[in-house]
Structures are given as structure tokens and as C-alpha cells.
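Enquirer:
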Amino acid sequence: MPEWFSFFLEAGRWILIGFYLWFPFFLMLIWGWFDDKLKQKTYKIIIGTAFILSPPIAWGMLRYFS
5 MPEWFSFFLE
15 AGRWILIGFY
25 LWFPFFLMLI
35 WGWFDDKLKQ
45 KTYKIIIGTA
55 FILSPPIAWG
65 MLRYFS
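Here my numbering runs 4 ahead of the position in the sequence shown, where the first position is 1.
1) Roughly how far, in whole angstroms, is the beta-carbon of L20 from the beta-carbon of M65, given that I think they are within contact range, below 8 Å?
2) May I ask which residues mark the beginning and end of the alpha helix (DSSP H) holding F55?
3) Measure how close the beta-carbons of L25 and A54 come, nearest whole angstrom, since I'm counting them as under 8 Å.
4) Mind checking K58: buried by the 16 CB within 10 Å criterion, or exposed?
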């Protein structure tokens, strides 16, 4: 594998890990911006589920890619 290719794999890996680690924070921002829509139960269930699942996903990605 060429060295430049492994660089892009490594960069993509850390971008994904960073995205999943910051995902709950961005969800809280979205929750604040779209508070009027989030009064509907469906939106709360979807975002709440993603909020709960994102830390284990981030942990799993860190374990898998490290």
C-alpha cells in the first residue's frame, strides 16, 4: 500500500472518531435550535436514541481502530 494512501486512511479514521465523540454535543446544539419541532414526541425519541447510542459507538470505533 502506498504511503500516501495510508495517510488518508489514518486521517479518515480520526475524522470519524472525532465526529462520533462530538456527536452528543452537536445533538444538544440541534436540540436547542429546533426546540419548537422537538416538542413533538417523534423527534425527541429519534434524537434521544442517537444521543444514548453515540458514546458506545465512539468507544467501539476507538477500540476497533486503535
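The beta-carbon is built from N, C-alpha and C at its ideal position, and this holds for glycine as well.
Expert: The answer reads as follows:
1) 6 Å
2) Per DSSP, F55 is one residue of the alpha helix (DSSP H) stretching across K45 to F69.
3) At roughly 14 Å, the Cβ-Cβ gap does not stay under 8 Å, so L25 and A54 are not in contact.
4) Looking at the sequence provided, one finds Ser at residue 58 rather than Lys. Flag for S58 reads buried.
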